[in-house]
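Contents: one structure, followed by commentary.
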Amino acid sequence: QVQVVESGGGLVQPGGSLRLSCAASGLTFSAYAMNWYRQAPGKERELVAGITTGAGKTTYGNSAKGRFTISRDNAKNTVYLEMNSLKPEDTAVYYCKADHFSGIYHYWGQGTQVTVSS
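Going by the numbering used here, the first residue of the sequence shown is number 49, and it counts up by one from there.
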């Protein structure tokens, strides 16, 4: 059974930092590109960052560029999202998604809430 579980969300002040983790099990982790999405109330879900299989090429949404860093540890079946210089507009539920390189299999986590507020 495949499980994708996010953790690390919480309340942080503007300008602060958080590191989200996403642990996957029941799959061959190295065969999956890993992506972070977020969804704020009343808004569509948007891609925050992604990291490929193999060389681990990274991509970022415009809102994340220069502030967020995605990384993966295949030995731990985990992907991370380091978020710095957080803003109130970063407040959202953050979701992790695993995408098999074949394009056939996709798995979502349940999400973790990030709230940026003073």
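Backbone N, C-alpha and C fix where the C-beta goes; we use that ideal spot for every residue, glycine too.
- Your pair S73 and N125 checks out as a contact, with CB atoms roughly 6 Å apart and the cut at 8 Å.
- Residues of the same chain with a CB within less than 8 Å of the CB of S166, apart from the 5 flanking positions on each side, are Q61 and P62 in chain order.
- In the DSSP assignment, V50 falls outside any beta strand (DSSP E), carrying neither H nor E.
- Minimum Cα-Cα distance from V141 among the listed residues S69, Q51 and R93 corresponds to R93.
- Here the C-alpha atom of R115 lies approximately 11 Å from the C-alpha atom of G109.
- For T107, the enclosing beta strand (DSSP E) starts and ends at T106 to Y108.
- The beta strand (DSSP E) runs lying completely inside the segment 78-147 and spanning 3 residues or more are 80-87, 94-99, 106-108, 116-121 and 126-131, given in chain order.
- For a cut-off of 8 Å, the C-beta gap from D147 to A81 is around 5 Å, short enough to register as a contact.
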